[in-house]
Amino acid sequence: MASRIRLEDRECPLSTTVEHVGEWWTLLILHDAFDGYTRFDQFQENLGISSSMLTTRLKTLLADGLLERRPYQTNPVRHEYVLTDLGRSLRPVIVALAAWGNSRLEPHERSMILVDAESGEEVQPVVVDAGTGRRLDDSRAYVFAAGPAASNAMRSRYADQRPAPAAPTAGTTPRHPLEH
Numbered sequence: 151m152a153s154r155i156r157l158e159d160r161e162c163p164l165s166t167t168v169e170h171v172g173e174w175w176t177l178l179i180l181h182d183a184f185d186g187y188t189r190f191d192q193f194q195e196n197l198g199i200s201s202s203m204l205t206t207r208l209k210t211l212l213a214d215g216l217l218e219r220r221p222y223q224t225n226p227v228r229h230e231y232v233l234t235d236l237g238r239s240l241r242p243v244i245v246a247l248a249a250w251g252n253s254r255l256e257p258h259e260r261s262m263i264l265v266d267a268e269s270g271e272e273v274q275p276v277v278v279d280a281g282t283g284r285r286l287d288d289s290r291a292y293v294f295a296a297g298p299a300a301s302n303a304m305r306s307r308y309a310d311q312r313p314a315p316a317a318p319t320a321g322t323t324p325r326h327p328l329e330h
């Protein structure tokens with residue numbers, strides 16, 4: 151598949167992540183893998199995906215190091231697809247995407263919810279800063295900035311990046327912190 155990433159975005163972690171996992175089938179295959187599916191026929195049956203599309207997506211997930219292929223049968227040889235540590239590290243992303251999708255629905259409209267494995271109680275996942283425990287959903291409190299390995303273009307993009315004030319003053323329109 152030809153890369154959709156723009157040359158100037160090659161160093162952007164969001165762009166490079168979307169290049170690896172931003173395709174619909176890829177996310178659904180990963181979701182199934184988190185639910186314990188490992189075999190080609192399980193993915194195909196559950197997702198209703200064509201053999202050729204599933205083969206293509208699995209090859210990409212293998213090449214990207216998110217899944218590994220292991221034999222589970224010798225005669226004939228059959229393989230299963232198992233999440234790697236790198237693949238498992240995407241679970242919070244999948245959980246956050248599902249939670250965002252559910253947040254758009256009334257509780258009675260949700261077909262899948264995240265629950266505590268022991269209590270069975272529904273949980274509401276949030277993304278927080280590991281250092282402070284503060285939620286990251288406030289776009290005024292957290293902004294992107296150029297990192298240590300940033301190119302000149304990336305440094306220029308974020309050169310004047312400052313957190314927006316907590317509340318706009320009367321008669322002004324606040325600048326969104328991610329605009330450039």
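In this note's numbering, the protein residues as written are 151 to 330. Cβ coordinates follow ideal geometry from the N, Cα and C atoms, glycine included.
Less than 9 Å separates the beta-carbon of Phe193 from that of Asp182.
Around the beta carbon of Tyr222, fewer than 16 other beta carbons sit within 10 angstroms, so the residue counts as exposed. The beta carbons of Arg219 and Glu230 sit closer together than 9 Å. Gly237 is the residue among Gly237, Val227, Asp266 whose C-alpha sits nearest the C-alpha of Leu177. The three-state reading of DSSP puts Thr166 in helix, counting H, G and I together. Here the C-alpha atom of Gly251 lies approximately 43 Å from the C-alpha atom of Asn225.
Shown here, Pro298 sits in coil according to DSSP, grouped into three states, outside any helix or strand. In the DSSP assignment, Pro221 is bridged to His229.
Between Met203 and Trp174, the beta carbon gap of about 10 Å keeps them out of contact (Cβ cut-off 8 Å). Between Arg285 and Val276, the gap from beta carbon to beta carbon is short of 9 Å.
The Cβ neighbour count for Leu216, taken over all protein chains shown within 10 Å, is at least 16; the residue is labelled buried. For the 9 Å CB-CB criterion, Val265 and Glu271 form a contact. Beta-carbon to beta-carbon, Met304 and Glu161 are separated by about 6 Å, close enough to satisfy the 8 Å threshold. As a beta-bridge residue in DSSP terms, Val278 pairs with Arg285. Excluding sequence positions up to five before and after Ile263, its CB lies within less than 7 Å of the CB of Asn252, Glu272, all in the same chain and listed in chain order.
Annotation: the continuous alpha helix (DSSP H) that includes Asp182 extends over 174 to 184.
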